[in-house]
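Novice: Submitted below is the structure of interest, expressed as structure tokens.
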Amino acid sequence: MIVEIIDKKEKVFDDHSDRMAVEDKTRKENQEMENGITPVMPVGGSDGMWGGNGFMGIFGLLILLGILNGGFGGFGGGNQQFATRDQVQNGFDTQNMINQTSGILAAVNSGTAQAVAATNQSFHDSLAAMQGLYNETARDIAALAVGQANLLATQNNCCCETKQMIMQSNYDSAMRDAATNANFTAQIQGVKDMMAQDKIEALQAQVSQLQLQAATSNVLRFPNAWTYAGGYFPPIQSTTTPAA
Amino acid sequence: MAIPGILMQLAKNNPATGRIKQMMGMVKAAQNPQAMINQLMMNNPQMKQAMEIVNKYNGDANKAFCELAQQNGINPQEIMDMLK
Numbered sequence: 000m001i002v003e004i005i006d007k008k009e010k011v012f013d014d015h016s017d018r019m020a021v022e023d024k025t026r027k028e029n030q031e032m033e034n035g036i037t038p039v040m041p042v043g044g045s046d047g048m049w050g051g052n053g054f055m056g057i058f059g060l061l062i063l064l065g066i067l068n069g070g071f072g073g074f075g076g077g078n079q080q081f082a083t084r085d086q087v088q089n090g091f092d093t094q095n096m097i098n099q100t101s102g103i104l105a106a107v108n109s110g111t112a113q114a115v116a117a118t119n120q121s122f123h124d125s126l127a128a129m130q131g132l133y134n135e136t137a138r139d140i141a142a143l144a145v146g147q148a149n150l151l152a153t154q155n156n157c158c159c160e161t162k163q164m165i166m167q168s169n170y171d172s173a174m175r176d177a178a179t180n181a182n183f184t185a186q187i188q189g190v191k192d193m194m195a196q197d198k199i200e201a202l203q204a205q206v207s208q209l210q211l212q213a214a215t216s217n218v219l220r221f222p223n224a225w226t227y228a229g230g231y232f233p234p235i236q237s238t239t240t241p242a243a
Numbered sequence: 000m001a002i003p004g005i006l007m008q009l010a011k012n013n014p015a016t017g018r019i020k021q022m023m024g025m026v027k028a029a030q031n032p033q034a035m036i037n038q039l040m041m042n043n044p045q046m047k048q049a050m051e052i053v054n055k056y057n058g059d060a061n062k063a064f065c066e067l068a069q070q071n072g073i074n075p076q077e078i079m080d081m082l083k
């Protein structure tokens, strides 16, 4: 029983929703009709007939309506020889439509021309601004390039001078080393010469002593001075060691 | 009831046909042709009348034009030739 009541309530709600949707649609259509706007579905159609698009049919209809309504000079339709008041009015209406259309076209053309001119001017202004910025940037880049070149030249000169100073220092150091080595060599050579001379002299002295010793060996030797005091005369002294 | 050939000749030589042809060129060249036609419809009773006829044919303008022309004994190709 409870389930049946709930189902009935839901059905009532569904019917109410459908009715509200229909009322909304009707209200919207009435409002559009009151505003003088007839809802128009998208225009298209059988494009294949004349190879164009659906819009050609509309303008064909305009010409056709102009012919049927007497819009082209009131030449009427059917077998009537003279234009009726309605046909004359239709002719004026058509002419008014054409005038309005021409006005719209003129306004569109004018607006388009103004928009194109404004766009061109805006584009020209933007281009000029961009050109100015480009020139300014080019000048800045050129100035930076010159500064960089000067800095590079300065660095190269400094590097060259540093290399020259290092080479001079190496040369001076080498010269000092050579002079020091020559001095040392000379001094050492002098010491060597002195030592050799001393050695030669010592050997010569030794040779002389040995020669003298050899010369005076086993010979009688008289004293250089003698004082008689008894004993043997001459007072001969043997250079050899007496046998014990 | 057939339309005399002289009326077709008058329509062909009428300046209004040239203006309609010019208007068609503008609509075809427009970025939003549908919006332009809607604007023309709101400002022109004749265009509104044409669109009402088109709406009766479910928006098929070519079909509406072709059938209406044939109903009045007019060869639609002759009118289309005027618009070329």
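Chains W and C, in that order, give the protein sequences.
Mapping of the first sequence onto numbering that gives the first Met the number 0: residues 0 to 243, in sequence order.
Mapping of the second sequence onto numbering that gives the first Met the number 0: residues 0 to 83, in sequence order.
Using N, Cα and C, we set each Cβ at its ideal position, and we do this for glycine too.
#1: Report the neighbours of valine 115 of chain W on chain C: residues whose CB is nearer than 8 Å to its CB, in chain order.
#2: Would you tell me roughly how many angstroms separate the C-alpha atoms of threonine 16 of chain C and leucine 60 of chain W, rounded to the nearest one?
#3: Since asparagine 71 of chain C meets chain W, which of its residues come closer than 7 Å, beta carbon to beta carbon?
#4: Could you check whether alanine 63 of chain C and isoleucine 78 of chain C sit closer than 7 Å to each other, using their CB atoms as the reference points?
#5: Examine the Cβ distances between the region 41–50 of chain C and the region 93–106 of chain W and report whether three or more of them are shorter than 8 Å.
#6: Phenylalanine 58 of chain W lies in the alpha helix (DSSP H); which residues open and close that run?
#7: Is it right to say aspartate 192 of chain W is buried, meaning 16 or more other beta carbons lie within 10 angstroms of its own, or is it exposed?
#8: Determine, using beta carbons only, whether isoleucine 103 of chain W and alanine 60 of chain C come nearer to each other than 7 Å.
#9: Between the Cα of glycine 94 of chain W and those of C/Leu9, C/Arg18, C/Met7, spot the shortest distance and give me the residue it belongs to.
#10: Please report how far the alpha carbon of phenylalanine 122 of chain W lies from the alpha carbon of glutamate 135 of chain W, in whole angstroms.
#11: Out of curiosity, what's the CA-to-CA distance linking methionine 48 of chain W and alanine 28 of chain C?
#12: Can you grab the Cα-Cα spacing for the pair threonine 184 of chain W / cysteine 157 of chain W, in whole Å?
#13: Since valine 218 of chain W is in the alpha helix (DSSP H), which residue starts that stretch and which ends it?
#14: In chain C, which residues lie with their C-beta within 7 Å of the C-beta of glutamine 99 of chain W?
#15: If we count the other Cβ atoms within 10 Å of its Cβ and call it buried at 16 or more, is glycine 65 of chain W buried or exposed?
#16: What in chain D is Cβ-close to alanine 34 of chain C, meaning under 7 Å?
#17: What residues from chain W crowd round glutamine 30 of chain C, counting only those whose CB sits closer than 7 Å?
#18: So which residues of chain C does glycine 330 of chain W contact, with C-beta pairs closer than 7 Å?
#19: Count the other C-beta atoms from every protein chain shown that fall within 10 angstroms of the C-beta of leucine 63 of chain W, then say buried if there are 16 or more, exposed otherwise.
#20: Could you spell out the range, first to last residue, of the alpha helix (DSSP H) harbouring alanine 28 of chain C?
#21: Would phenylalanine 54 of chain W and proline 14 of chain C qualify as a contact pair, given that the criterion is a beta-carbon distance under 7 Å?
#22: Would you mind telling me which residues of chain C sit closer than 7 Å to isoleucine 62 of chain W, beta carbon to beta carbon, in chain order?
#23: Can you tell me the Cβ-Cβ gap for glycine 107 of chain W and methionine 25 of chain C, rounded? I've got them flagged as a contact below 8 Å.
#24: Under the assumption that leucine 82 of chain C contacts lysine 11 of chain C (Cβ atoms under 8 Å), give the Cβ distance between them as a whole number of angstroms.
#25: Are the C-beta atoms of threonine 93 of chain W and some chain C residue less than 7 Å apart?
#26: Are there 16 or more other CB atoms within 10 angstroms of the CB of isoleucine 5 of chain C, so buried, or fewer, so exposed?
#27: On the CB-based measure, 16 or more other CB atoms within 10 Å of its CB, does asparagine 169 of chain W come out buried or exposed?
#28: Buried or exposed: leucine 126 of chain W, going by 16 or more other Cβ atoms within 10 Å of its Cβ?
Specialist: Judging by the given coordinates:
#1: Using a Cβ-Cβ cut-off of 8 Å, valine 115 of chain W is close to nothing in chain C; its nearest Cβ partner there is about 14 Å away.
#2: When rounded, the separation of the alpha-carbon atoms in threonine 16 of chain C and leucine 60 of chain W is 12 Å.
#3: Correct list: Leu67.
#4: Not a contact, by the Cβ cut-off of 7 Å.
#5: Yes, the region 41–50 of chain C is in contact with the region 93–106 of chain W.
#6: 54–67 is the span of the alpha helix (DSSP H), which, as asked, contains phenylalanine 58 of chain W.
#7: Classification for aspartate 192 of chain W: exposed.
#8: Contact flag unset, no.
#9: The question names glycine, but residue 94 of chain W in the sequence shown is glutamine. Nearest C-alpha to glutamine 94 of chain W: C/Arg18.
#10: Between phenylalanine 122 of chain W and glutamate 135 of chain W, the C-alpha separation is close to 20 Å.
#11: For methionine 48 of chain W, the predicted model reports a pLDDT of 37, less than 50, meaning its position is unreliable and no value from the coordinates is stated.
#12: Distance from the CA atom of threonine 184 of chain W to the CA atom of cysteine 157 of chain W, rounded to whole angstroms, is 40 Å.
#13: First-last for valine 218 of chain W: undefined, no H or E at that position.
#14: One finds Asn42, Asn43 in chain C with Cβ atoms closer than 7 Å to the Cβ of glutamine 99 of chain W, taken in chain order.
#15: Residue environment analysis places glycine 65 of chain W among the buried positions, since at least 16 neighbouring C-beta atoms fall within 10 angstroms of its C-beta.
#16: Absent from the structure: chain D. Protein chains present are W and C.
#17: In chain order: nothing, as chain W lies at least about 11 Å away.
#18: Lying before the first or after the last residue shown, residue 330 of chain W is absent from chain W, which here runs from 0 to 243.
#19: Its Cβ being crowded by 16 or more others within 10 Å, leucine 63 of chain W is buried.
#20: Taken as a continuous stretch (DSSP letters only), the alpha helix (DSSP H) holding alanine 28 of chain C covers 14–28.
#21: Taking C-beta atoms as the reference points, phenylalanine 54 of chain W and proline 14 of chain C fail to come closer than 7 Å.
#22: Within chain C, the C-beta atoms nearer than 7 Å to that of isoleucine 62 of chain W come from Ala10, Thr16, Ile19, Ile78, Met81, in chain order.
#23: Rather than glycine, the amino acid found at residue 107 of chain W in this sequence is valine. Confirmed, about 7 Å.
#24: 10 Å between Cβ atoms; not a contact.
#25: Taking 7 Å as the CB threshold, threonine 93 of chain W lines the interface with chain C.
#26: Classification for isoleucine 5 of chain C: exposed.
#27: By the beta-carbon neighbour count (other beta carbons within 10 angstroms, threshold 16), asparagine 169 of chain W is exposed.
#28: Leucine 126 of chain W counts as exposed, since fewer than 16 other beta carbons sit within 10 angstroms of its beta carbon.
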